[in-house]
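With mature numbering (1 follows the signal peptide of the UniProt record, and there is no 0) applied, the sequence shown corresponds to residues -17 to -1, 1 to 582, in that order. Only one structure is covered here, and it is reproduced in the block below.
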Amino acid sequence: MKTLLFAGLLLMPLLSAAEVNVIEAQSIALRGEPKYADDFTHFDYVNPDAPKGGVLRNEAIGTFDSFNRYGQRGDSVVGADALFDTLMVSSSDELDVYYPLIAERIRYADDYSFLTFILNPAARYSDGKQITASDVLFTFEKFKAEGVPQFAKYYEFIKNVEVKGDLEVTFYMEGADREKFLSLIDLPVFPEHFWKDHNLSEPLKVVPVVSGPLLIKDFKFGQYIVYERNKDYWAKDLPVMKGQVNFDEYRYDYYRDQTVAFEAFKAGDIDFWDRSTAKDWATGYNIPAIKDGRMIKEEIAHEIPQNTTGFIFNTKRKIFSDPRVREALAYAMDFEWMNKNLFYDSYIRTNSYFQNTQYMARELPSEEELAILAPIKDKVDPRVFTEVYNPPVNDGSGNIRGSLRTALRLLKEAGWEVKDKKLTSVATGELFEFELMTYSPVTERIAIPFQENLKKLGIDMSIRQVDTSQFVNRWHEHDFDMVSQRYSANPHPSSSLRIVWHSNFIDSSYNQANVTDQAVDYLVDGIAEHQSDDDALLHWGRALDRVLLWNHYLIPQWHYNKFRIAYYDKFSRPDVRPKYSLGFDTWWIDPEKEAALTQ
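Below, the structure is given as structure tokens:
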């Protein structure tokens, strides 16, 4: 699978004169070896002979006014990710393993000082023009100049990019590790002849030239979009694409909110639904389509790392700058009552930033962790060393007087007291008031019990629902007190965590809690430096997890370890499901089943 070469100064002009070990490969894994050999014909979880055809009717929430998935302004259309292929593509039954797509192979130094992509000469855009190495360079520079600010910051380790002919592009690096190095592999590639006249940071109002398997067939901004399968798609017969993208058309209709969309699904206007709230899952399917078998409702267990959801504090707001205050407010969220009365006992409490992985800090620190934590002992909560973090627990009765007493004690320590039933700053007389910003009525519903408990502490939390555009803009600018959001799942601690937590990336929209903390910086830097040492990474990851938890940047919410899906019985699917995905992109429409639905 890999060819070892040796090259020196003449072959790699930016490297030292000493010979370096150069590896040429068709596939690459962040850790271990790829599952699939170079001559594989398709992924194990697909039906390579899956029939093509039919229309998938789906939904989206909110609105859209742009085809630019990467713009900093505007609302991007759902499904835009499928418009542009990436250099390589990951499989869904492995973590961080990549196979050829636009790039048919790679060549790289084992010290990560360079990475060369050799492009597939057959790779084409939707207008028939060849995808070239110059397009790769153009895309990278476009992201640096016009993409989100954290892109240019993150890729400071790229020192030069060199194009050789139409099909070869090399990135030269300093201080890169394997994770940073691999972050280039899923770079989308844009056609320079189209994007040279458009700003990547702005909304895109015209239909773009694309490289992916779907074309935009029809649309009306804010209402619907229809994609059609590109029957001349250049990569349709590549092993990584066999048995996927099986519908002829993908239609997305936009709805005001999830509640309205769910009603449309039950009415037969939508084919597939995976957004069910706990209430909807428990009570919302007492409908004829379920009873007569036209609709199937299904739970499928999975092993996928979970997002960390929660009420996230903007720690740069003065009111939330003290971790004792943030900890206190967690005692006002009665998860047990909410799970029983709102969620039908269906959820599991989240207690880690690496949920469902081995990096969860669920035991006291190991000796290795203690050694890692020693240099920051005076910069972290002492309980990091003596306790395993768990969110407050109540009995589900709704009586949380004990928790509220703990909250008041913490608030008093932080300089707050109750006067005339209002929590007031002892120093300034300021009332404890803040806003929870949301765009979803579902969030409002789950926030109201939290709001009521905060009132018992003398705290006024207003709930403000804004439209999606305003939410995204304010969220990007850190213009909020609190949001109910998520940190994306982390299958392992990667150097990209710098974008999420490091002080150098304070302007990053991924740094949702607006964190600047020396101890967190130290741990995130340590994770970046130990990407090639799996044993060390385990201890650094757990150390970071426990420090983040004890810093109380969010009030942890909940997660679910099964897929909840419902769909009209018009689909068939492979016998094998990918380990880390539902695998819906491998399903197909069965004409006989579809015909039976209308009989």
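Positions of the beta carbon are idealized from the N, C-alpha and C atoms, including for glycine.
Check                                                                                                                                                                          : Outcome
What's the gap between the Cα of residue 376 and the Cα of residue 437?                                                                                                        : 16 Å
Suppose the cutoff is 7 Å on Cβ atoms and the five residues either side in sequence are ignored; what does the same chain contact list for residue 471 look like?              : 290
Determine whether the beta carbon atoms of residue 238 and residue 247 lie at a separation below 8 Å.                                                                          : yes
Should residue 388 go down as buried or exposed, given a rule of 16 or more other Cβ atoms within 10 Å for buried?                                                             : exposed
Is residue 569 helix, strand or coil when you go by DSSP?                                                                                                                      : helix
Determine the contact status of residue 19 and residue 74, defining contact as a CB-CB distance below 8 Å.                                                                     : yes
Check for me: the alpha helix (DSSP H) holding residue 351 runs from which residue to which?                                                                                   : 350 to 356
Would you please state the rounded distance, in angstroms, between the beta carbons of residue 535 and residue 310? I believe it to be under 8 Å.                              : 5 Å
Going by DSSP, what residues sit across from residue 539 in a beta bridge?                                                                                                     : 293
What are the start and end residues of the alpha helix (DSSP H) that includes residue 386?                                                                                     : 384 to 396
Hey, could you find the ends of the beta strand (DSSP E) residue 60 is sitting in?                                                                                             : Here residue 60 belongs to no beta strand (DSSP E), and DSSP marks it neither H nor E.
Please specify which runs of the beta strand (DSSP E), each continuous and at least 3 residues long, are wholly inside the stretch 402 to 481, giving them in chain order.     : 405 to 408, 416 to 421, 443 to 448, 465 to 470
If you drop the 5 nearest sequence neighbours on each side, which residues of the same chain put their C-beta closer than 6 Å to that of residue 396?                          : 307
Should residue 162 be labelled buried (16 or more other beta-carbon atoms within 10 Å of its own) or exposed?                                                                  : buried
Can you list, in chain order, the residues of its chain with a C-beta nearer than 8 Å to that of residue 134? Leave out the 5 residues immediately preceding and following it. : 126, 127
Quick check on the burial criterion: 16 or more other C-beta atoms within 10 angstroms. Buried or exposed for residue 29?                                                      : buried
From residue 187 to residue 204, what does the alpha carbon distance come to, in whole angstroms?                                                                              : 11 Å
Are residue 543 and residue 330 touching if we call contact CB-CB under 8 Å?                                                                                                   : yes
Hey, could you find the ends of the beta strand (DSSP E) residue 271 is sitting in?                                                                                            : It is not in any beta strand (DSSP E) - residue 271 instead sits in the alpha helix (DSSP H) that spans 271 to 274.
According to DSSP, is residue 49 helix, strand or coil?                                                                                                                        : strand
For residue 284, count the other beta carbons within 10 Å of its own beta carbon; 16 or more makes it buried, fewer makes it exposed. Which is it?                             : exposed
Which residues mark the beginning and the end of the beta strand (DSSP E) in which residue 83 is found?                                                                        : 80 to 83
Since residue 530 is in the alpha helix (DSSP H), which residue starts that stretch and which ends it?                                                                         : 517 to 533
Starting from residue 245 and walking both ways along the alpha helix (DSSP H), at which residues does that stretch end?                                                       : 241 to 249
Answer yes or no: do residue 343 and residue 349 have a C-beta to C-beta separation smaller than 8 Å?                                                                          : no
DSSP puts residue 233 in a beta bridge; with which residues?                                                                                                                   : 39, 210
Going by DSSP, which residues form a beta bridge with residue 88?                                                                                                              : 101
Here's a check: name, in chain order, each residue in its chain whose Cβ is nearer than 6 Å to the Cβ of residue 473, leaving out the five neighbours to either side.          : 337
Rank 78, 466, 572, 358 by C-alpha distance to the C-alpha of residue 509 and give the top, closest one.                                                                        : 358
By Cβ distance below 7 Å, which residues in the same chain neighbour residue 352 in space, the five residues on each side in sequence not counted?                             : 522, 525, 526
Residue 465 and residue 447: beta carbons closer than 8 Å?                                                                                                                     : no
My output table needs one value for residue 113: the three-state DSSP class, helix, strand or coil.                                                                            : strand
Within the continuous alpha helix (DSSP H) that includes residue 323, where are the two ends?                                                                                  : 318 to 324
Rounded to whole angstroms, what is the Cα-Cα separation between residue 117 and residue 146?                                                                                  : 6 Å
Are residue 301 and residue 461 closer than 8 Å when you measure CB to CB?                                                                                                     : no
Who does residue 197 pair with in a DSSP beta bridge?                                                                                                                          : 212
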